[in-house]
């Protein structure tokens, strides 16, 4: 099994972000992840976004589609996961599994 290295992980602020739309929150998460490690989209192999209660709270279920709209991510394998409070951890696990399977 090949070793997996997590180069970046970003968690948005907790709380009500009423001043931002869902697309703005997703774009900020993508941009802040790149900024944390000084990377460009070209280094991303696969991506997963995790969110809890997004459909019921924001009427938006296609977060992976919003993420794919970020510069350099279109055409890359991106998915959304939801697992209540464990959504972030589930997103990390999903990416690790994809990379171990050679999908990135």
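Numbering (my numbering), first residue to last: 20 to 123.
No residue lacks a Cβ here, since even glycine has one placed at the ideal position from N, Cα and C.
The beta-carbon separation of residue 113 and residue 70, rounded to 13 Å, does not stay under the 8 Å limit for a contact.
Only buried fits residue 86, as 16 or more other CB atoms lie within 10 angstroms of its CB.
Residue 96 is a Cβ neighbour of residue 66, given a cutoff of 9 Å. Taking the CA atoms as reference points, residue 49 sits about 10 Å from residue 88. Taking C-beta atoms as the reference points, residue 83 and residue 98 count as a pair closer than 9 Å. Residue nearest to residue 28 within the set 56, 116 and 118 is 56 (criterion: CA-CA distance). Residue state for residue 52 is assigned as helix, using DSSP reduced to three classes. Residue 63 sits buried, since 16 or more C-beta atoms from the chains shown fall within 10 Å of its C-beta.
In this model, residue 117 and residue 108 are separated by some 14 Å (Cα to Cα). Rounded to the nearest whole angstrom, the C-alpha separation of residue 61 and residue 37 is 32 Å.
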